[in-house]
Amino acid sequence: MILLAALLLGLLAGPALALGLRRPYRLPDPRHLCLVPAAFLPQLLVVYLPVGREMEPVSAAALTLPVSLVVFLIFVWLNRRIPGMPVVLVGLVLNLLVITANGGWMPVSPETASQLPGGASPSEATTGIRVGDKDILLRPEDTRLELLADRFLLPEWLGYRAAYSLGDVFAAAGAFWLFASPPIMSNLNGSNNADD
Amino acid sequence: MNKKFADIVIRASRIDRRHIQLVIVIVSLAMLILGIGAPLDGGGPTRIRF
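Just so you know, the sequences run in chain order B and W. Under this note's numbering, the first sequence has 10 at position 21, and the numbering climbs by one with no breaks. Under this note's numbering, the second sequence has 61 at position 50, and the numbering climbs by one with no breaks.
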């Protein structure tokens, strides 16, 4: 939800900026777009569909996220010249590192998860089980690269609770920049051309 | 029936190709962002349970 919010904010900000700068709004034009559904399909099967949700964390399902993220990595690298893509790339690499280091799932501590609606108290939590879409419950001492795990919480005053990682912050910022930057870049290019 | 079908075909042929490309790009980039992120959503219709 927080990633979609960043994307929607970018989609609103981009055309609004274009209007303000009196520039036409053009969406980014990525190459090799077919890689995206190819990378997303395994996640759709294992993470989002009910059949995949019931799969054990230590199974073939554990390979899904790392493999999918590597395909996404190829796509982002091929499109790294698009403004915003390098930021997305940083987020992707950070999430890929922590997910691969922790058996194919994003770790979240019982303490962090307990602060989300529906979460049990840390003492009652069973570690090693899947929680949410892509997460696995792990104690901080059992987590590799704990700094990159889902360890941050949205402020309570927002009225929406979610735990997110440093990689998610970069992914959200990159998503916003992907959609919001085209009029700014076009304006800068226009100014440069005018200087010539 | 044939008239209705012809009407649908005419309407479909009027859809601008650029609009379809626009939708494909937005959906693909949304898939990219949802695919690379891994937040644990707690508030909303799907609550976590453990």
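Even for Gly, the Cβ is constructed at its ideal location relative to N, Cα and C.
Hey, quick one: how far does the alpha helix (DSSP H) through residue i stretch, first residue to last?
i      : result
W/M42  : R28 to I47
B/M74  : M74 to A90
B/T116 : Segment: none, B/T116 is in no alpha helix (DSSP H) and carries neither H nor E.
W/V20  : N13 to S24
B/S57  : A50 to L67
B/A7   : I(-9) to L10
Would you check if the distance between the CB atom of residue i and the CB atom of residue j is smaller than 8 Å?
i       : j      : result
B/I(-9) : B/A161 : yes
W/G46   : B/A102 : no
B/A152  : B/V97  : yes
B/P172  : B/L6   : yes
B/P99   : B/L126 : yes
B/F64   : B/H21  : yes
Which stretch, first to last residue, makes up the beta strand (DSSP E) that contains residue i?
i      : result
B/L126 : D124 to L126
B/V97  : M95 to V97
Please report the distance separating the alpha-carbon of residue i from that of residue j.
i      : j      : result
B/L33  : B/L167 : 23 Å
B/G188 : B/S170 : A query on residue 188 of chain B cannot be resolved here, the shown segment of chain B reaching from -10 to 185 and no further.
B/A148 : W/G53  : For the record, residue 148 of chain B in the displayed sequence is Gly; it is not Ala. Roughly 11 Å between the two C-alpha positions.
B/M95  : B/V82  : 13 Å
W/R58  : W/V34  : The predicted position of W/R58 is uncertain, since its pLDDT is 44 and thus under 50; a value taken from the coordinates is nonetheless stated next. Straight-line Cα distance between these residues: approximately 30 Å.
B/C23  : W/L51  : 27 Å
B/L78  : B/E43  : 30 Å
B/S110 : B/Q104 : 8 Å
(message) So within the segment 15 to 39 of chain B, which uninterrupted alpha helix (DSSP H) runs reach at least 4 residues, ignoring any that extend past its ends?
(response) Unbroken alpha helix (DSSP H) runs of no fewer than 4 residues, entirely contained in the segment 15 to 39 of chain B, are found at 24 to 32, following chain order.
(message) If the cut-off is 8 Å on Cβ atoms, which residues from the segment 18 to 37 of chain W count as contacting chain B, listed in chain order?
(response) Hits within the stretch, in order: L33, I35, V36 and I37.
(request) Entirely within the segment 136 to 164 of chain B and at least 3 residues each: give me those beta strand (DSSP E) ranges in chain order. (result) Correct list: 151 to 153.
(request) Identify each residue in the segment -3 to 27 of chain B for which the Cβ-Cβ distance to at least one residue of chain W is less than 8 Å, and report them in chain order. (result) Going along the segment -3 to 27 of chain B in chain order, one finds L0, L16, P17, D18, P19, L22, V25 and P26 with a Cβ nearer than 8 Å to chain W.
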